[in-house]
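Take a look at the structure below.
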Amino acid sequence: PRRLAALPAGAAAVAAVVLAGVGLGVDRFDAAHPAPTHLMYAMDADTGQARWLSHESEPQPWTDGYVDGVTDVGDEFPGLGGGELRVGPAQAANLPAPKLEVVADATSGGERTLRLRLTPQRAARLATLHVDTSTATVLRAEVAGRPVPVEPRAGKWGFGLVFHAPPTEGIEVVLVVRPIGGQVALRAMDASDGLDALPGFRPRPPAVGVVGSHSSEMLAVARTYPI
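Residues are numbered in the numbering used here as their position in the sequence shown, beginning at 1, plus a constant of 8.
Written out as structure tokens, the structure reads:
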């Protein structure tokens with residue numbers, strides 16, 4: 009069965025990797041002992057801005073060619089979790105954001121019930137949906153007809169869901185919210201594996217490897233939907 013889960017407070021949807029100290033037992037890196045590297049790509053479909061991201065605390069020389077600073081991307085990509093990452097500018101790729109449709113929308117007694125369908129528009133191994141809790145308080149939530157815990161977390165996107173192996177036909181989500189004023193802002197993201205086809209990506213030489221991580225080689229696209 010597919011796994012569905014509400015993001016617990018303060019937890020990252022995608023596990024972080026701390027690479028400090030990795031490879032200290034190797035005097036030099038070569039094809040037999042490649043340097044462990046971590047690199048992701050994330051694009052904001054609202055702005056068209058894309059970034060290279062890395063969890064490496066001290067970037068390997070290959071990774072250092074992509075990143076040039078440190079920042080927290082949690083407001084742009086809540087599906088990647090909070091905390092500072094190494095970042096650098098990237099070329100925008102021609103990739104679609106996940107689609108979020110309103111199937112039904114009803115308001116009663118100050119509560120708004122949104123029946124939504126989240127559908128990746130490409131082959132994705134995970135998808136996430138977050139609510140900007142400055143626009144609405146989430147009271148109850150259901151996924152595929154089953155209730156899920158409402159566990160607020162810190163930050164702008166105070167409630168979120170992560171879906172592993174989302175089906176091509178999409179995922180039905182019901183949110184019961186108390187609007188704070190105006191539209192409710194939702195942030196949809198999906199992620200796939202593989203960076204090779206991206207503009208500006210340079211293949212790793214033989215002495216550079218990929219660190220074992222849930223987020224290594226991840227390609228994420230996110231979009232905000234005001235509803």
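Glycine included, C-beta positions come from ideal geometry on N, C-alpha and C. Values in this document were obtained by computation on a predicted structure and should not be read as measured data.
In whole angstroms, give me the CA-to-CA distance for residue i and residue j.
i: TYR49; j: GLY117; result: 43 Å
i: SER62; j: VAL181; result: 31 Å
i: VAL184; j: ALA98; result: 37 Å
i: PRO211; j: VAL219; result: 15 Å
i: GLU64; j: GLU119; result: 44 Å
i: GLY217; j: TYR233; result: 37 Å
i: ARG195; j: GLY96; result: 22 Å
i: GLN191; j: ALA149; result: 18 Å
Starting from residue i, follow the alpha helix (DSSP H) in both directions and report where the run begins and ends.
i: THR238; result: In this structure the chain extends from 9 to 235, so residue 238 is not present and cannot be described.
Keeping to the same chain, check which residues put their C-beta closer than 7 Å to that of residue i; ignore five residues upstream and five downstream.
i: GLU92; result: VAL78, THR79 and ASP80
i: VAL151; result: LEU12, LEU169, ILE179 and VAL181
Suppose the cutoff is 6 Å on Cβ atoms and the five residues either side in sequence are ignored; what does the same chain contact list for residue i look like?
i: ARG125; result: GLU109, VAL111, GLY178 and GLU180
Below 8 Å on the Cβ atoms is my contact criterion, and I expect residue i with residue j to pass it. Report the Cβ-Cβ distance as a whole number of Å.
i: ASP140; j: ALA193; result: 4 Å
i: ALA131; j: ALA100; result: Not really, about 19 Å apart at Cβ, beyond 8 Å.
i: LEU47; j: THR71; result: 6 Å
Suppose the cutoff is 8 Å on Cβ atoms and the five residues either side in sequence are ignored; what does the same chain contact list for residue i look like?
i: GLY189; result: THR143
i: GLY202; result: GLU225 and LEU227
Does residue i come out as helix, strand or coil in the three-state DSSP assignment?
i: LEU88; result: helix
i: GLY31; result: Confidence at GLY31 is low in this model, with a pLDDT of 37, below 50, so its placement is unreliable and the value that follows should be read with caution. Here GLY31 sits in coil by DSSP.
i: PRO155; result: strand
i: ILE188; result: coil
What residue range does the beta strand (DSSP E) around residue i cover?
i: HIS172; result: 167-172
i: HIS138; result: 134-139
i: PRO234; result: 226-234
i: GLU109; result: 107-116
i: GLY77; result: 77-80
i: VAL219; result: From DSSP, VAL219 is part of no beta strand (DSSP E); its letter is neither H nor E.
i: PRO44; result: 43-45
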